[in-house]
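Notes to accompany the following structure.
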Amino acid sequence: MRNSDNDAERRKARRALAALFADARGVTMKFGQLMASGADDNTFKDLIGSIEPQPLSRMRRVIEQELGRRIEDVFVSLDESSAAASLGQVHRGVLKDGRVVAVKVQYPSIKDVVDSEMRLFGLMPGVGPVRKWGFDLEGYKSAIKTNMDRELDYCDEARRQEHFRKNLRVAGLVIPRVLTEFGGQRILVQDWQDGVTLDEAATWPIEDRQEIGRILLQTLFKSLFVLGEVHGDPHPGNFRFRRTPAGDIAVVLMDFGCSVPVGKKARLALLKMIVALREGAAISPLESFVAMGFDQEKLQSLGSALEALPSILLHPFLAPDGFKIGDWQLKRRFEKHLGENRWWFRAAGAPTLILLLRAFQGLIQQQEAIGCGLNWWEALNEALPRSLIDEARASSLPDLTPDVRAATYQSMPQLEPGQCKATSLRIRIMEGAKETVSLSMPADAALRLDELIPENVVEFLHNSPEWDIEGIIDGLRKRGIFAQEILNFTKETKTYHIWLE
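Each residue of the sequence shown is one higher than the one before, counting from 9 in the working numbering.
Right, here's the structure in full:
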């Protein structure tokens, strides 16, 4: 879709993909929901309510197997489902004692479907941009597999939901209580919670929407920095909004199948960065990002471009009262600042970071939907104890690896006198007088040169008598990676310059 130059073609492709996902369950639907969390239009967002629920008659066997009893022995009534998701669906029920409950039931045989899809996913090769930018594909596969296994275990989900309910204290936040006596690995019974969708809540008066925004902000801040675990599935179907009889605003947070633990070192480093930016204190972006789990070698290749990233990524904490998400323009500023190297920065993050980013992305979309300005710094200070902010401010960032590239070169040939070991591979593409691409990567990326250059350009070089790309790579292996010119040629209107420095 991204390769199309035609907006109409991209929209058509998105609609086709959305239609494919809408008929699917399991991993395929999860992927569609992940795309929905980053979509700029409603093409993928419509997936949230697009799955047709299974009839209760088909779900009965799973329910009764997990309960160990007939439905009629436990419930006065159990309605057909009106809320279906990727792995299961929810039914409204009334227990024999009169309590109204939500019954979350896993689809029959969905575990086998997921296992089969994950095996296919595991065979996916590291090609194209994934390999070009050095993404840890195996790490991503492992992270997704671990998360899917957790989501299929409703007993584990029940424990995590109760952990959040008992320990995440935010005024106005409601987390349904789990009725563990009726639970099982494929069924979860919890208090029924009424409420409207985010789209409807977005039409409420500004004061109500500001309160919704405050609750959502403080929920993420407190769960991340205090609890050390974040709700990782922020799609709109997992939230409900209501006014209490007293006129207060309540936000209901449901579905804890996906939660993301965040280590203390990483969350203190992030909080320290926020505080330092706000207070104008000096801080090393490289040391901070490495403490958060980013790869040091990949980040070092970004050089001075790394310095401005914190103020771009954390801009809402620096903004005055009334900051609106639309004023951030994060995507535009991030891409303009890093250009193609934005993929290098993303590849530097740990695979598990994708789930944490999903939580932040969900928050951003929610704040944009309610359309009111909020003070993020003020919300952070209200959510966190002063002692925690002081601890982050005083904390020390871990020392960086002295020579992170040393191991890379141990097996390389010794350089000749006068040669200088290269630290960066540089790629520059000019179209006329305009620079269209400027990349900097770790020097050893030169050994994958044929994967970094577009396929049509590789074919051009193969057919050219002047260049032997396999010979160039072989020469680097034999003679060492030192500062040198590698390629400098013109193809049609573009000039390609590749060198080591």
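The beta-carbon is built from N, C-alpha and C at its ideal position, and this holds for glycine as well.
- When the alpha-carbon of L95 is set against those of F172, L196, E509 and R107, the nearest one is in L196.
- Separation of K442 and L361 (C-alpha to C-alpha, rounded to the nearest whole angstrom) is 35 angstroms.
- Here DSSP, grouped into helix, strand and coil, assigns W507 to strand.
- At the C-beta level, R401 and K280 come within 8 angstroms of one another.
- In the DSSP assignment, the residues bridged to K112 are V98 and L196.
- Straight-line spacing of the CA atoms in W384 and E170 works out to 28 angstroms.
- DSSP places P318 in the helix class (H, G or I) of the three-state scheme.
- K272 is the residue among P61, K272, A92 and T227 whose C-alpha sits nearest the C-alpha of L405.
- Taking the Cβ atoms as the reference, K230 lies roughly 6 angstroms from L176, within the contact range of under 8 angstroms.
- Nearest Cα to V98 within the set L392, M262 and I320: M262.
- It is roughly 18 angstroms from the alpha-carbon of A258 to the alpha-carbon of A110.
- The three-state reading of DSSP puts N175 in helix, counting H, G and I together.
- For secondary structure counted as the beta strand (DSSP E) over 3 or more consecutive residues, the region 59-95 holds these complete runs in sequence order: 83-86.
- Runs of alpha helix (DSSP H) with 4 or more residues, each lying fully within the region 424-478, are found at 457-460 and 463-470, listed in chain order.
- Here I214 is exposed. Its C-beta has fewer than 16 other C-beta atoms within 10 Å.
- Secondary structure note for S267: its beta strand (DSSP E) is the uninterrupted segment S267 to P269.
- For the options N349, A430 and L365, the alpha carbon positioned closest to that of L460 is the one of N349.
- Taken atom to atom, the span from the alpha-carbon of L181 to that of L408 is near 40 angstroms.
- Straight through space, the alpha carbons of G370 and V122 are spaced by roughly 24 angstroms.
- Per DSSP, Q373 is one residue of the alpha helix (DSSP H) stretching across L361 to I378.
- In this structure, L314 keeps its C-beta atom at 8 angstroms or more from the C-beta atom of L322.
- DSSP, reduced to helix, strand and coil, places N383 outside both helices and strands of the structure shown, so it counts as coil.
- Taking 8 angstroms as the upper bound for CB-CB distance, S319 and L285 are in contact here, some 6 angstroms apart.
- Taking C-beta atoms as the reference points, K502 and I437 count as a pair closer than 8 angstroms.
- Scanning K499, A454, N464 and E463 for the CA closest to the CA of G479 turns up A454.
- Secondary structure note for I489: it is in no beta strand (DSSP E), with a DSSP letter that is neither H nor E.
- Inter-segment contact for the region 100-115 and the region 196-210 is present: three or more beta-carbon pairs are separated by less than 8 angstroms.
- The shortest CA-to-CA distance from S312 to any of V283, F264, H345 and T211 is the one to H345.
- For I59 against A92, the beta-carbon gap comes to about 4 angstroms, under 8 angstroms, which counts as contact.
- It is roughly 53 angstroms from the alpha-carbon of S448 to the alpha-carbon of G191.
- By the Cβ-count criterion, R107 is exposed, with fewer than 16 other Cβ atoms from all chains shown falling within 10 Å of its own Cβ.
- The shortest C-alpha to C-alpha distance from F249 to any of A327, L495 and Q374 is the one to Q374.
- Check the Cα spacing between S395 and each of F233, M156, D458 and H505: the tightest is with F233.
- The C-beta distance from F247 to V260 rounds to 7 angstroms, short enough to meet the 8 angstroms contact threshold.
- The beta carbons of A367 and R222 sit no closer together than 8 angstroms.
- Secondary structure note for A277: it is in no beta strand (DSSP E), and the uninterrupted alpha helix (DSSP H) holding it is K272 to E287.
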